[in-house]
Amino acid sequence: MAAAREAEKRRRLESDAPSDTATPPHHNAAHALVSLGVPDSPVVMDAELCIAPMGVLRLFVDDFYTYIHPLVPFPHEPTFRKAFENREDRTNPEFLALLAGMVGSLVASFPRSARLHLKAAHSYEKFPRSIMLVDRCMKVALDLRTSDLMLKDTVTVNDAAISYFLSLEAGYTMRWTQCRRFLAESLQFLREMGFHRRRPPPTTLSFGQDRPDDQPTDFITDEIGKRIYWTIFVGVRSLTQMGTSYRDLVIPPATPNAPYPDLPREVDDAYILPDRILPQPEGIVSVLTGFVKGIQVYETMDDLVRIELAHGFSACTWEQQKKCLRESMAKVRTIEQYLPPVLRLDMSSRTPNKGSFAQSAQASSNSYQYVPPAYPNTQPNHDVRHLVAANETEKRYLQYEIQKANTYASCLGTRSHYVERYLTLRDIHRNNQRAEQARTTEPGGSIIYRTASDTSSSLAAAAMRAVAERDEVDDMFLAEREEVVHNFFTVVTSIEQRNMEPNGGSIINKIRQVASTLLGDPVDRKGRYELQNEEYLKVFLEILTRLEKTGTGTTTTPGAQAGTTMTPDDEEQELRNWADLREQQQRMASRATMA
1 MAAAREAEKR RRLESDAPSD TATPPHHNAA HALVSLGVPD SPVVMDAELC IAPMGVLRLF
61 VDDFYTYIHP LVPFPHEPTF RKAFENREDR TNPEFLALLA GMVGSLVASF PRSARLHLKA
121 AHSYEKFPRS IMLVDRCMKV ALDLRTSDLM LKDTVTVNDA AISYFLSLEA GYTMRWTQCR
181 RFLAESLQFL REMGFHRRRP PPTTLSFGQD RPDDQPTDFI TDEIGKRIYW TIFVGVRSLT
241 QMGTSYRDLV IPPATPNAPY PDLPREVDDA YILPDRILPQ PEGIVSVLTG FVKGIQVYET
301 MDDLVRIELA HGFSACTWEQ QKKCLRESMA KVRTIEQYLP PVLRLDMSSR TPNKGSFAQS
361 AQASSNSYQY VPPAYPNTQP NHDVRHLVAA NETEKRYLQY EIQKANTYAS CLGTRSHYVE
421 RYLTLRDIHR NNQRAEQART TEPGGSIIYR TASDTSSSLA AAAMRAVAER DEVDDMFLAE
481 REEVVHNFFT VVTSIEQRNM EPNGGSIINK IRQVASTLLG DPVDRKGRYE LQNEEYLKVF
541 LEILTRLEKT GTGTTTTPGA QAGTTMTPDD EEQELRNWAD LREQQQRMAS RATMA
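Heads up: the sequence shown at position 172 corresponds to 172 in UniProt numbering, and the numbers run straight through without jumps.
Here it is, written out as structure tokens:
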């Protein structure tokens, strides 16, 4: 028996050993892409072999730092690019997982750009739908996070960043359970490292062995940790506005004993070094400024969140509710009023400006175009990627425009949220008052029959009562609602495709939510301007809803069969959606000019 077991053991070892006739390893990225088409193919410690050819990866990284980094400002660009050029993807599993997370987030956020890259590299047939490349990147990131991740004594900011990117990829592809799970994981990692609270900044002592446990190791780690925390903060508050909240994702407001961590410094990555932070050059607004302004917009919700967590907003008196909402509204309006000029949109006009829109669109078409990558040949001069690579000013301008679109979408959504909360609570208060008056004035239990004239009189009396019940706060919020409608049309007709598309899942959702809320309100809340333009509002909502559902390939064109390939009809529908938005923008601008 022992001899038989030994013979069987030798046979198995021989069958498992590599033979001379075995398939040779991948020699280039083209061969690697064959294995990428197989969902369960093993992950290799080489980004070219497990994600995409190096030429495409370089374009992905450039696109990430151009389009995604303004709203998701990590990882630290100089540090990451140095590691990328040194091919740390071949030696460092954490770096390869981080790269996979970044690429997956880019593809989920800006799928059309990814498709152009893959087509030019003759790799499109391996990922005929963007969601397939997103899934591949998620698999790479998860496989490289070893089973010992939860057993590690210490985690890193890269661990938190990878979890956030996985959450972003899941959210943009409509997998909400996984999105919430990875977001909670990222937040937990940050709490373990102490980034959820205010801490002393790094000093020269931070580099010695006597460094306190609660002090960050270097300035880069400190800034990146704070950026990840505040990115999650913005995401959680945005979800709260949309009526989605999770107990495992609660970020309690600051208190005197537990203040928020410091806001990220408004300094570009190039000036943040491990041992010091250099001043931002005078006269150049940091790309982090727009990010910080977005944080401040959502910080105005602190009082509401604090009351909700303590005992619920309904436990407050009507006067307390009014005071809280009025102060929150004043804060967000102040932030919007004092935005730096490069992030400011002219909201003073009560109607969209057709001239500025047309001029902006013309400048965009002349200077910025999405051109399919010509790798290995050089890109055409009019390609937006060539321009931003050759001219830092052009790149910075494009990033300002992306942040401007996001900031005004956030301001508009927050103001709309406060208005809706106020009007809903006001109606509840009035109904309760009237019910109480009815109980005290009418005979208990008796049924009162009313004639048509009585009904007409009661409606008139109700209208007079509503006018009598109005006060200065009520007038302020009604005027604010009308202003939100005006500003909605100004914002939606001013944001161009090139500024909205790269982060469409976030920006479009915020604007769509405002339109949906306005249309869903009772008629008695709607002002004259909204009633006159309600059809335009409906069309914008319909187009924005279509845009929100297209891109990664999670949906197909109406009437088409769901499949694994994004057909020409699907791509044509996506382009048509953007064309419909531009056409509607121009119609609204023309109508405003003629009015």
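No residue lacks a Cβ here, since even glycine has one placed at the ideal position from N, Cα and C.
Is DSSP giving residue 564 helix, strand or coil here?
With a pLDDT of only 48 at residue 564, under the threshold of 50, the placement of this residue in the model should not be trusted; the figure read from the coordinates follows. Looking at residue 564 - three-state DSSP - the assignment turns out to be coil, as it is neither helix nor strand.
Within 10 Å of its beta-carbon, does residue 152 have 16 or more other beta-carbons around it, so buried, or fewer, so exposed?
The residue is exposed, with fewer than 16 neighbouring Cβ atoms inside 10 Å.
DSSP three-state call for residue 511: helix, strand or coil?
Here residue 511 sits in helix by DSSP.
Hey, residue 539 and residue 584 are a contact pair by Cβ (cut 8 Å); roughly how many whole angstroms apart?
Their Cβ separation, rounded to whole angstroms, is 6 Å, which keeps residue 539 and residue 584 in contact under 8 Å.
Touch check for the segment 289-298 and the segment 400-407: three-plus C-beta pairs under 8 Å?
The segment 289-298, when compared against the segment 400-407, does touch it at the 8 Å Cβ threshold.
Quick check: what's the CA-CA separation for residue 314 versus residue 333?
Cα to Cα, the separation comes out at about 25 Å.
If you draw a straight line from the C-alpha of residue 129 to the C-alpha of residue 428, how long is it?
Approximately 48 Å, taken between the alpha carbons.
Buried or exposed: residue 338, going by 16 or more other Cβ atoms within 10 Å of its Cβ?
Exposed, by the Cβ-count rule.
Would you call the segment 160-170 in contact with the segment 54-62, where contact means no fewer than 3 C-beta pairs closer than 8 Å?
These segments do not touch.
Can you find the residues in the same chain that come closer than 6 Å, C-beta to C-beta, to residue 143, ignoring five residues on each side of it along the sequence?
Here the set comprises 43.
Taking the alpha-carbon positions, what's the residue 578 to residue 328 distance?
Using only the alpha carbons, I get a separation of about 35 Å.
I'd like the list of long-range same chain contacts for residue 508, defined as Cβ closer than 8 Å, with 5 residues on each side in sequence excluded.
Excluding positions up to five away in sequence, the list reads 500, 544, 547, 548.
I think residue 251 touches residue 236, with their Cβ atoms under 8 Å apart; what is that distance to the nearest whole Å?
About 5 Å separates the two Cβ atoms, so the contact holds.
Pull the bridge partners of residue 272 from the DSSP assignment, please.
The partner list for residue 272 (beta bridge, DSSP) reads 277.
To which residues of the same chain is residue 224 closer than 7 Å at the C-beta, ignoring the five residues directly before and after it?
Hits under 7 Å: 74, 75, 76, 157.
Leaving out the 5 sequence neighbours to the left and right, which residues in its chain are closer than 7 Å to residue 269 when beta-carbon positions are compared?
So the qualifying residues of the chain are 76, 77, 78.
Are the beta-carbon atoms belonging to residue 511 and residue 488 less than 9 Å from one another?
Going by C-beta atoms, residue 511 is nearer than 9 Å to residue 488.
In this structure, how does DSSP classify residue 145 when only helix, strand and coil are distinguished?
If DSSP states are grouped into helix, strand and coil, residue 145 belongs with coil.
Please list, in chain order, all residues of the same chain as residue 411 whose beta carbon is under 8 Å from its beta carbon, the five residues on each side excluded.
Same-chain partners within the cutoff: 297, 332, 335, 336.
With a threshold of 16 other CB atoms inside 10 Å of the CB of residue 523, please say whether the residue is buried or exposed.
Looking at its Cβ environment, which holds fewer than 16 other Cβ atoms inside 10 Å, residue 523 is exposed.
Output the distance between the C-alpha atoms of residue 409 and residue 495, rounded to the nearest integer angstrom.
Residue 409 and residue 495: Cα-Cα distance of roughly 10 Å.
Taking the continuous alpha helix (DSSP H) assigned at residue 476, which residues delimit it?
Residue 476 -> alpha helix (DSSP H) spans 472-494.
How is residue 579 classed by DSSP in three states: helix, strand or coil?
If DSSP states are grouped into helix, strand and coil, residue 579 belongs with the helices.
Report back the beta-carbon spacing between residue 272 and residue 233 to the nearest angstrom; my notes put them in contact at under 8 Å.
With 8 Å as the limit, residue 272 and residue 233 do not qualify as a contact, their Cβ atoms being about 20 Å apart.
Quick one: measure Cβ to Cβ for residue 187 and residue 249, integer angstroms, because I've assumed they're closer than 8 Å.
With 8 Å as the limit, residue 187 and residue 249 qualify as a contact, their Cβ atoms being about 7 Å apart.
Using the three-state DSSP reduction, which class does residue 284 fall into: helix, strand or coil?
It is coil, neither helix nor strand.
Report buried or exposed for residue 176, applying the criterion of at least 16 other Cβ atoms within 10 angstroms of its Cβ.
Classification of residue 176: exposed, given that the 10 Å Cβ count is below 16.
Under a Cβ-count criterion, where at least 16 other Cβ atoms within 10 Å of its own Cβ denotes burial, should residue 284 be classed as buried or exposed?
Classification for residue 284: exposed.
Here's the rule: buried if 16 or more other CB atoms are within 10 angstroms of the residue's CB, otherwise exposed. What is residue 530?
Residue 530 should be labelled buried.
Does DSSP put residue 240 in a helix, a strand or coil?
The answer is helix: DSSP assigns residue 240 an H, G or I state.
Between the C-alpha atoms of residue 320 and residue 195, what's the straight-line distance to the nearest angstrom?
Cα to Cα, the separation comes out at about 33 Å.
Compare the Cα-Cα distances from residue 100 to each of 57, 226, 346, 280 and report the closest residue.
The option with the nearest alpha carbon to residue 100 is 57.
Residue range of the alpha helix (DSSP H) that residue 538 falls in?
Taken as a continuous stretch (DSSP letters only), the alpha helix (DSSP H) holding residue 538 covers 534-549.
Can you grab the Cα-Cα spacing for the pair residue 48 / residue 504, in whole Å?
One C-alpha to the other measures close to 28 Å.
Between which two residues does the alpha helix (DSSP H) harbouring residue 185 extend?
From DSSP, the alpha helix (DSSP H) with residue 185 extends over 176-193.
What would DSSP say about residue 48, mapped onto helix, strand or coil?
Three-state result, residue 48: helix.
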